[in-house]
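In what follows, a structure is listed as structure tokens, so that the remarks can point back to it.
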Amino acid sequence: MATQAHRGNDVMNETPPQLRVRDLQKSYGNNAVLRGLNVDIQAGEKIAIIGPSGSGKSTLLRILMTLEAPNSGDIQIDGESIWTMPNGDGNKPADEAHMRRMRSRLGMVFQHFFLFPHLSVRQNLTLAPRLVNHVTSEIADETAMQLLEMVGMEAKADAFPAQLSGGQKQRVAIARALAMQPDIMLFDEVTSALDPELVHEVLAVLRKLASASDMTMLLVTHEMNFAREIADRVLFFDGGVILEDGPPEEIFTNPTHQRTQEFLKTVLEA
Amino acid sequence: MWKWEVVWQVLPHILSGLVVTLEAVAGGMVLALILGLLWAVLRRSKQRWLSWSTWGVVEFIRSTPLLVQLFFVYFVMIDMVGRGLSPLMTGIVVLGVHYSCYTAEVYRAGLDGVAKGQWNAAKALNLTPWQTYRYVILPQAIPPILPNLGNYLIAMLKEAPLLSTITVLEVLNEAKIFGNEHYRYLEPLTIVGVLFIFLSLLAGLSVEWLRKRTAAMTS
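Just so you know, the protein sequences line up as chains Y and F, in that order. Residue 253 in the numbering used here sits at position 268 of the first sequence, with consecutive numbering throughout. Going from the second sequence to the numbering used here is simple: count from 1 and add 12.
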């Protein structure tokens, strides 16, 4: 209780965080995946989320993207709750319009790409901007080509997803999410489903993105060297809470908790 | 025995009946395709009362005979709501609603066949549920099930003569009326049978062609 109050006061004197997660709980049946998770993230931070599987990393991203509802807790973007909206003196569950407005701040890239197989690469990028942001076809096409160039996929604009390698699919998926111009990008183990020789091309795109853009980036990853290289801050998840939170140098060279040391030892040796 | 002059005499009647049959099947199929999709989507609703009541209605209609439904709507409901619908329109509505309960199952299989991640991707891109169905899910769900939907078109074609029981002048009814008037049933009924074999084969070949095409497209 005391630490909560302290944290609250602390935060009030600083700039409010772009993303604030408070006491987030999520369980599937009897299996508690998130057990009261708290974190504040400032705009533009590049955050690597590491930890053993089942520790709640992907679940946090899925709840942030509103793909799943938390059991309890609060998530705010710029001080506004995602899952609830003001109702007189109190709050009520958010309606669809509110959720869509909040969702428009976020973008997500998935482990298994989830490209739309019936659409060409270019159409994958232009569909949502046209339908959701009401961008004209010309402008959507133009933006799509710029983004495809950025991820090195402009030559494949008219190909279909089935004709692409895993690495190429993931680069297209990144461009597709960027086409919606989110403020916060969520990357959910985006290299885990790739053949080892294809991992580097996706990491290269992420590296470029991290250095060139002022977007907030949350990356759940098992690529420790990559996390260390591009992250401003590393969160170590264990058992549904954040066990360790700090700059990469600190977490990787001098972790406080035994659990972190053990985890890093296992993954770095593998 | 077989008389060709009877054939030439009855053929115009049967062909005009054939037009009515095809109208009934075409109208019924359009209705079955639209309503079936609606049921399938409603059954996936997160609102329990909506998905359950849809399931209930669909199961009820599937478990009662088409002929009973035809009679009930034509003789009971028409009297209740006034005689606004012609026999043909009544037939189209009953055929369409009845078969929509079968096409709903086909659509359901198609929707289930679309990878779960597609819904996640569409939501992450902030598409509305309607846009998700229209631009992401249905274009993937429908091509693989076109042959199965086509099979119900064939089934409906073969059940269309039931409409003769509610006075629709479709192909069988025309043949029967001719028979009653001329005391000749051999030629009229044979022609009707041959016509149905011909139409079923034609529809079957179209479905087979569709199956090959969609298999090539979706592989």
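Where a beta carbon is used, it is the ideal one built from N, C-alpha and C, also for glycine.
With 16 other CB atoms within 10 Å as the buried threshold, where does V219 of chain F fall?
buried
Locate the alpha helix (DSSP H) running through M170 of chain Y, then write down its first and last residues.
Where M170 of chain Y is concerned, there is no enclosing alpha helix (DSSP H), although the beta strand (DSSP E) it sits in stretches over 169 to 173.
Which residue comes first and which comes last in the beta strand (DSSP E) that contains Q10 of chain Y?
4 to 13
So the candidates are Y:L203, Y:P71, Y:S150; which of them puts its Cα closest to the Cα of H83 of chain Y?
Y:P71
Exposed or buried, A125 of chain Y, counting other C-beta atoms within 10 Å across all chains shown (16 or more means buried)?
buried
Identify the continuous beta strand (DSSP E) that holds A197 of chain Y and give its terminal residues.
Taken as a continuous stretch (DSSP letters only), A197 of chain Y belongs to no beta strand (DSSP E), being part of the alpha helix (DSSP H) at 181 to 197.
Compare the C-alpha of G29 of chain F against each of F:G205, F:G216, F:R223, F:A187 and name the closest.
F:A187
Is there contact here, the segment 64 to 80 of chain F with the segment 107 to 115 of chain F, by at least three beta-carbon pairs under 8 Å?
Yes, the segment 64 to 80 of chain F is in contact with the segment 107 to 115 of chain F.
What number of angstroms, rounded off, separates the C-alpha of E30 of chain Y from the C-alpha of S198 of chain Y?
10 Å
Excluding the 5 residues preceding and the 5 following H242 of chain Y in the sequence, name in chain order all residues of the same chain whose CB lies nearer than 7 Å to its CB.
If we look at H242 of chain Y and ignore the five residues flanking it on each side, its Cβ neighbours are L228, E229.
What residues of chain Y sit near Y147 of chain F, judged by a beta carbon separation below 7 Å?
L112, L116
Mind checking A(-13) of chain Y: buried by the 16 CB within 10 Å criterion, or exposed?
Because A(-13) of chain Y sits at a pLDDT of 40, beneath the cut-off of 50, its placement in the model cannot be relied upon, and the point is left open.
Under 9 Å between beta-carbons, which chain Y residues line up against Q152 of chain F? List them in chain order, please.
F101, P102, H103
Chain Y beta carbons: is any one of them nearer than 9 Å to that of A127 of chain F?
yes
Is the Cβ-Cβ distance between V205 of chain Y and A158 of chain Y less than 9 Å?
Result no, Cβ atoms of V205 of chain Y and A158 of chain Y do not sit closer than 9 Å.
Given a threshold of 16 other Cβ atoms within 10 Å of its Cβ, counted over all protein chains shown, does P233 of chain Y qualify as buried or as exposed?
buried
Quick one: is L79 of chain F near chain Y, going by C-beta distance under 9 Å?
no
Considering just the uninterrupted stretch of the alpha helix (DSSP H) at W160 of chain F, what are its terminal residues?
Going by the sequence as given, residue 160 of chain F is Asn instead of Trp. Here the alpha helix (DSSP H) through N160 of chain F covers 158 to 171.
Please report the residue range of the alpha helix (DSSP H) in which F72 of chain F lies.
60 to 74
Which residues in chain Y have a C-beta closer than 7 Å to the C-beta of Q59 of chain F? List them in chain order.
Near Q59 of chain F there are no residues of chain Y at all, since even the closest Cβ is about 13 Å away, more than 7 Å.
Y145 of chain F to I154 of chain F, Cα distance in whole Å?
11 Å
Just reading off the alpha helix (DSSP H) that T69 of chain Y is part of, what are its end residues?
Counting along the chain, T69 of chain Y falls outside any alpha helix (DSSP H), though it belongs to the beta strand (DSSP E) covering 69 to 72.
Counting only runs of 4+ residues fully inside the segment 33 to 91 of chain Y, write out the alpha helix (DSSP H) ranges in chain order.
42 to 49, 81 to 88
Nearest to F172 of chain Y by CA position, among Y:M138, Y:G224, Y:I35, is which residue?
Looking at Y:M138, Y:G224, Y:I35, the one whose alpha-carbon comes closest to that of F172 of chain Y is Y:I35.
What is the C-beta distance between M50 of chain Y and A44 of chain F, in whole angstroms, given that I count them as a contact (C-beta under 8 Å)?
37 Å between Cβ atoms; not a contact.
Who are the neighbours of M50 of chain Y on chain F, taking C-beta pairs under 9 Å?
N132, K135, A136
Leaving out five residues before and five after T115 of chain F in sequence, what residues of the same chain have Cβ atoms less than 7 Å from its Cβ?
A44, L45, G48, L161, Y164
Between M200 of chain Y and chain F, is there a C-beta pair that is closer than 9 Å?
no
Under three-state DSSP, which class holds D25 of chain Y?
strand
From Y195 of chain F to A38 of chain F, what distance separates their C-alpha atoms?
32 Å
For chain F, check one thing: does any of its Cβ atoms lie closer than 9 Å to the Cβ of R161 of chain Y?
yes
Output needed for N(-6) of chain Y: all residues of its chain with C-beta closer than 7 Å, excluding positions within five of it in sequence on either side, in chain order.
Bear in mind that the predicted position of N(-6) of chain Y carries a pLDDT of just 45, short of 50, making it too unreliable to give a figure here.
Measure from the C-beta of R85 of chain Y to each C-beta in chain F and report whether the shortest distance is under 9 Å.
yes
How is the beta strand (DSSP E) around M202 of chain Y delimited, first residue to last?
201 to 205
Exposed or buried, which one is W68 of chain Y when buried takes at least 16 other CB atoms within 10 Å?
buried
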